[in-house]
Amino acid sequence: MIRLSHVCMEYPRTGLALDDVTFMLKKGEFCFLTGHSGAGKSTVLRLIHMAERPTGGEVRVSGYSSTRIREKDVAMLRRKIGYIFQDFRLLANRTAAENVAFALEVTGARSNVIRSKVARLLGHVGLASKAEALPGELSGGEQQRVAVARALAHEPLVLLADEPTGNLDERASWGIFELFRGINASGTAVLLATHDLDLVRKSPGVRLLELDHGRLVYDSAAVAA
Amino acid sequence: MPYALREALAAFRRSPALTGLSCAMIALSLFIVGLFGIVAYNIRRTIERVESRVEVVAYLRDDASPNAVELAQREIAAFPEVQRVYYVSRDEALELARRDLVEFRAVFDDLDVNPLPASFEVRLRPGQRGADAVKAVARRIGSYPFVEDVRFGSEWLDKVFLLRRVAGAATLLLGGAFAVVAALIIATAVRMAVFARKDEIAVMRLVGATESFVRRPFLLEGLFTGLAGSILALVATYGLFRVLSGAVVQLEWIPATWLALGLAVGAFLGFAASALAVRRHLREI
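If you read the sequences in order, they're chains R and A.
So in my numbering, spot 7 of the first sequence is number 7, and the numbers just go up one at a time.
My numbering runs 225 ahead of the 1-based position in the second sequence.
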């Protein structure tokens with residue numbers, strides 16, 4: 001479903017961010033992407049989201065290739081990808097329900113569909129009672145749950161999470177991780193970029209990719225094979 | 226209400242000062258255009274009225290042979306610009322002078338010799354009464370050897386046409402200058418709106434909104450600003466027209482097609498300025 005083939009990414013100012021990275025993520029798979037700060041984790045996620053195009057190699061996501069994708073198809077592709085950030089990226093002046101609804105609204109969903117879907121999504125992340133709360137009135141963990149609900153709005157094939165627990169305490173982090181496991185169990189692939197090794201250690205059997213200075217230095221699936 | 230429309234209308238609430246300034250500048254530019262439009266339209270109406278009375282009068286030599294005159298009358302009547310040619314004989318000219326110039330009747334009655342020449346009075350077809358057509362016909366008639374002089378009021382005709390050209394050029398120049406300023410202010414307003422909503426735009430892109438969807442509220446905002454400005458200009462122009470028309474000079478109000486064009490120009494100006502600004506600034510987010 002996602003395939004990176006000999007991907008290189010070089011920025012004019014900072015130089016090489018990714019160097020010959022190749023891996024595949026299958027449908028419904030759960031995978032950690034680890035590495036030190038600046039190793040290239042976020043770059044991998046941005047490339048999968050087609051926010052940038054690689055300077056070398058190819059990124060293929062759900063049939064779309066980074067070498068051929070047209071701008072108008074990028075929007076369509078993104079509806080198949082949920083994206084979670086460390087800083088949640090919620091709209092501060094909208095309630096939890098409105099933040100989730102926004103994702104559906106901007107893609108042209110009907111208002112009755114939006115209403116029922118938002119209620120279901122907030123229920124799914126355990127925030128049905130906080131639908132009318134503004135992000136500022138929610139804890140970090142709750143804000144991240146709203147972001148997860150928003151990311152699930154289009155029933156994505158894959159959830160990309162960029163340090164989703166970076167701003168959360170251990171308990172909230174674990175709650176979010178459990179939420180991801182549940183989402184994955186229902187068939188959505190998850191690629192979770194983190195440098196929280198505790199989270200990785202507590203999850204034996206989960207595939208692990210490790211980046212170091214832009215190079216993929218470890219892939220547990222390759223080792224197992 | 227669709228998202229784009231709701232957001233476009235919300236812009237008037239979010240930044241009333243800047244949106245108001247944009248409207249005012251469009252209104253000012255179209256107000257200037259409107260004023261000169263009234264002037265240009267009234268000059269045009271005057272010209273039309275004057276043109277309907279435009280005549281070329283060719284005075285004939287006394288020694289012109291009747292045959293040549295008759296032949297010339299037929300030829301002139303066949304000119305494509307000419308509607309009708311009247312031949313006014315010397316006697317008819319004197320009779321007309323006696324009738325029209327009552328105060329000089331005694332002078333005409335005492336004459337031993339008729340001093341007035343025979344003439345052709347040439348009426349031109351509608352649409353052929355402009356300065357160039359009149360001059361061309363006068364030149365051709367003047368080329369007959371028995372034509373002594375041709376009159377068609379060339380001096381004032383030239384002046385009226387010049388006035389119309391000046392009014393037209395001033396409308397374009399001043400209106401254009403104000404339109405550019407209005408477009409720049411709209412572009413600034415849109416730029417500020419884009420940056421004020423950059424988080425929202427980022428989330429839109431994140432969840433798969435198309436670029437045209439992202440742009441739409443800003444384009445509508447520009448369109449509404451332009452339309453509001455042109456309506457304001459229309460009201461102001463009409464107000465001033467009412468004041469001037471009664472008190473200073475009798476004027477005619479501009480036709481509905483010109484008004485519709487003015488509204489369309491205002492709306493388009495807002496839309497185009499917004500489109501250019503949005504295209505440029507969305508790339509920066």
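C-beta atoms are modelled at their ideal positions from N, C-alpha and C, and glycine is treated no differently.
Check, Outcome
"What separation, rounded to the nearest whole angstrom, lies between the Cα atoms of A/A502 and A/I426?", "15 Å"
"For the structure I just gave you, are there three or more beta carbon pairs, one from the region 386-400 of chain A and one from the region 367-376 of chain A, closer than 8 Å?", "no"
"Of the residues that make up the region 98-109 of chain R, which ones have a beta carbon closer than 7 Å to any beta carbon in chain A?", "F102, A103, E105, V106 and T107"
"Using a Cβ-Cβ distance cut-off of 8 Å, determine whether R/L159 contacts chain A.", "no"
"DSSP puts A/L494 in a beta bridge; with which residues?", "According to DSSP, A/L494 bridges with nothing at all."
"Using 8 Å as the cut-off, can you tell me whether the region 447-466 of chain A makes contact with the region 474-494 of chain A, which would need three or more C-beta pairs spanning the two stretches below that distance?", "yes"
"According to DSSP, is R/I2 part of a helix, a strand, or is it coil?", "strand"
"Are three or more beta carbon pairs between the region 37-44 of chain R and the region 232-239 of chain A nearer than 8 Å?", "no"
"Using the Cα positions of A/V228 and R/I114, report the straight-line distance between them to the nearest angstrom.", "Checking the sequence shown, residue 228 of chain A turns out to be Tyr, not Val. C-alpha separation (whole angstroms): 13 Å."
"Please check if any C-beta of chain R sits within less than 8 Å of the C-beta of A/F438.", "yes"
"Going along chain R, which residues have a C-beta under 8 Å from A/A434?", "A75, V106 and T107"
"Have a look at A/V406 and A/M417 and give me their C-alpha separation to the nearest angstrom.", "17 Å"
"Going by CA-CA distance only, name the one from R/V206, R/A96, R/Y11 and R/V223 that's closest to R/L138.", "R/A96"
"R/L91 versus chain A: which residues are under 8 Å apart at the beta carbon?", "D424, E425 and V428"
"So the candidates are A/A331, A/E320 and A/P351; which of them puts its Cα closest to the Cα of A/L341?", "A/E320"
"Would you list the residues sitting across from R/A161 in a DSSP beta bridge?", "R/I84 and R/L192"
"For the alpha helix (DSSP H) that contains R/D198, what are its first and last residues?", "L197 to R201"
"Thinking C-alpha only, which one of A/R323, A/P291, A/A497 and A/Q298 is nearest A/A408?", "A/A497"
"Identify the contact partners of R/K72 in chain A, using a Cβ-Cβ distance below 9 Å as the criterion.", "T435, E436 and S437"
"Which chain A residues are close to R/A119, counting only those with a beta carbon under 9 Å from its beta carbon?", "Neighbours of R/A119 on chain A: none; closest Cβ ~18 Å, over 9 Å."
"From A/R350, A/L296, A/A242 and A/D374, pick the residue whose C-alpha is nearest to that of A/E273; which is it?", "A/R350"
"Taking Cβ-Cβ distances shorter than 9 Å, what residues in chain A pair up with R/R145?", "Residues of chain A passing the Cβ test: none, with the nearest at roughly 16 Å."
"Pull up the CB-CB distance for R/A172 and R/G141, whole angstroms please, since I reckon it's below 8 Å.", "3 Å"
"Over the uninterrupted beta strand (DSSP E) stretch that includes A/T462, give me the two end residues.", "No beta strand (DSSP E) contains A/T462, which is instead part of the alpha helix (DSSP H) from E436 to A472."
"Taking 8 Å as the cut-off, does the region 430-440 of chain A touch the region 66-81 of chain R (at least 3 CB pairs, one atom from each stretch)?", "yes"
"Going by beta carbon distance, what residues of the same chain come within less than 8 Å of A/F304, once the five residues before and after it are set aside?", "V362 and R365"
"Within 10 angstroms of the Cβ of R/Y83, are there 16 or more other Cβ atoms? Answer buried if so, exposed if not.", "buried"
"Identify which residue in A/V359, A/I479 and A/V428 has its Cα closest to the Cα of A/S277.", "A/V359"
"Taking just the CA atoms, how far does A/V428 sit from A/A500?", "21 Å"
"For R/L192 versus R/L90, is the C-beta distance shorter than 8 Å?", "no"
"Note down the Cα distance separating R/V44 from R/L18, rounded to an integer number of angstroms.", "8 Å"
"Using a cut-off of 8 Å between C-beta atoms, extract the partners of A/Y228 located in chain R.", "E105 and V106"
"If you drop the 5 nearest sequence neighbours on each side, which residues of the same chain put their C-beta closer than 8 Å to that of A/G487?", "L255, V258, G259, G262, S455, A458 and L459"
"Please determine if the region 102-112 of chain R and the region 149-163 of chain R are in contact, where contact requires at least 3 C-beta pairs separated by less than 8 Å.", "yes"
"Rounded to whole angstroms, what's the CA-CA distance from A/R270 to A/K384? Just pull it up for me.", "15 Å"
"Is there a Cβ from chain A that is less than 8 Å from the Cβ of R/Y83?", "yes"
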